[in-house]
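Per our numbering, residue 27 is the first one in the sequence shown, and the count goes up by one each step. Beta carbons are placed, not taken as given, at the ideal position from N, Cα and C, and that holds for glycine. Predicted model only: the values in this text are computed from it and were never measured. Here's the structure we're looking at; comments come further down.
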Amino acid sequence: MKKVRQKATPLKGTIRWDKLDNTAHLFPAIAGESMTNIYRISVTLTEEIQPDLLQQALDIVLPKFDGFNLRLRRGVFWFYFEENGKPAPKVKEENTFPCRYIKANRNRSYLFQVSYYGKRINLEVFHVLTDGMGGLNFIRELTYQYLRLVHPQLKDIAGDTLSESTSLNREDSFIKNYKRSKPSGFKTEKAYLIKKDKLPEGEFGVIHGRIPVSQLKEICHRYGVSINEYLVADFIWSTYVECLHRMVEKRPIRVAVPVNLRPYFESVTTKNFFVMVSAEFKADREDYTFPEVVEIVKNSLRSQINKEHLEDLFSYSVSNQKNKWMRPIPLFLKNIAMRVVYSKSATANTATVTNVGNITIEDAYKPYIDIFHAFIPMSKGQSMKGTIVSYEDTLVFTFSSLFAHASVQRRFFTTIAEDGADVKIETNGVYYE
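So this is what it looks like as structure tokens:
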């Protein structure tokens, strides 16, 4: 199905505004310095970044993306978006740990930031704006525009407009596809939580593992699972071995796995459109093997990832939003309620592993692009998370962590290497063990 770009055209003299999608309502209520809800997608090029041209590229691209040219406003009953219209935020050289809280009043009211370091361009986005698909759209077009400025011959080859595959659609696909009277289906009982020594306050550990996709596919074929299932299982296995030390634990290791809903509901929206399912493993024995854990995780995920169940999950949330008794409640009371509900459900998962997906790049730009990375910040009860992104024949699994030691990460990549894949490790310098 061809992706169609859609862009609203406001009346002359009016300020464009937009509603938050169903998932986005939560993020302003819970976000802060300790739980930022800021994710990062970065692209590493084959040459050093030229800051002035990156700023020019952002200045050119931002007006084309209604979904990023926004500021967050507080209404009486709900938060809402309003067209920003200010100059694009200033591109800066990275000099802090990633995924820091974005203070909109110091960022020209924008809810995203662009930075660079060496050959790398970083895009950090407050999740209220969009999920990984929207972030990928933006950084891909920003990179294309930057490369056209650095290499003017690309403008003749690839043109100077957005790619046909880049969606600007801003429909709320939650509202469009929800069904009435659906039960919750979300896990609320407490999961096993990893408790280890933490890094000094403010530090943020990052470990990237580069793995050939072709080798991973061979391994997954042997196990009869998808790459996503295998990597989630490895995360759980590594926690079982390094944190539980293969001992019996009454609370399950439960890993939240975001599922992109667009393929199931024929959506190309750039608003948030995902739900969480959970891969669950109960350590009720001391002698589980890795193949057994892989099989358990496979069955756990496949029982949940189907259109009917996914529809149930988000329809329950949407029904609360559309409840006529909820609408007139003032925003500050809604925020209190959302924080209470979130706090009760936050400990239902040990960690989160998210798959941003496979990134495709137009042929003209490929010689200038080396690799992509992505990772997500911490949340209540979850001080370690994993993010997957792939480009060409390289998959990068990134651990973001507040823990002082990297035993789980080491076990994770060792397991993959023992299964026959070549793994190359990169870090942000926090871990030296």
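- Following the DSSP letters along the chain, one finds G383 inside the beta strand (DSSP E) bounded by residues 377-385.
- DSSP, read as helix, strand or coil, puts L287 in coil.
- P238 is bridged by DSSP to T420.
- Setting aside the 5 residues that flank it on each side, N254 is surrounded in the same chain by N381, each with a C-beta closer than 6 Å to its C-beta; the list follows chain order.
- Looking at the DSSP output, F107 bridges to D44, L98.
- Selection S409, V140, V294 evaluated against S199 yields V294 as nearest (Cα-Cα).
- Exclusion of the five residues before and after E119 leaves P77, S141, Y142, Y143 as the residues of its chain whose Cβ lies within less than 8 Å of its Cβ.
- For G160, the three-state secondary structure derived from DSSP is helix.
- The bridge partners DSSP lists for K243 come to none.
- Three or more beta-carbon pairs drawn from the stretch 249-266 and the stretch 439-447 are found closer than 8 Å, and the two stretches are therefore classed as touching.
- Judged by DSSP in its simplified three-state form, V267 adopts helix.
- Within the stretch 404-455, the complete beta strand (DSSP E) runs of at least 3 residues fall at 410-417, 420-427, 450-453.
- For R166, the secondary structure class from DSSP, reduced to helix, strand or coil, is helix.
- If you keep only unbroken alpha helix (DSSP H) runs of at least 4 residues inside the stretch 289-360, you get 316-328, 333-348.
- Of the residues T296, R100, E229, the one whose Cα lies closest to the Cα of L162 is T296.
- The beta-bridge partner set that DSSP reports for F152 consists of I64.
- R196 carries a coil assignment under DSSP once its states are collapsed to helix, strand and coil.
- Bounds of the alpha helix (DSSP H) holding Q81 are 77-87.
- An exposed status is given to E74, since fewer than 16 other beta-carbon atoms sit within 10 Å of its beta-carbon.
- The C-beta distance from A374 to K216 rounds to 7 Å, short enough to fall under 8 Å.
- Here the alpha carbon of V320 sits roughly 17 Å from the alpha carbon of G412.
- When C-alpha distances from S264 are compared across A130, I220, A372, the shortest belongs to I220.
- When DSSP states are grouped into helix, strand and coil, L257 belongs to the helix group.
- Per DSSP, reduced to three states, the secondary structure at Y142 is strand.
- Annotated three-state conformation of V117 is coil, per DSSP.
- Of all alpha-carbon atoms in V367, S371, E190, the one lying nearest the alpha-carbon of S304 is that of S371.
- Straight-line spacing of the CA atoms in R288 and Y266 works out to 33 Å.
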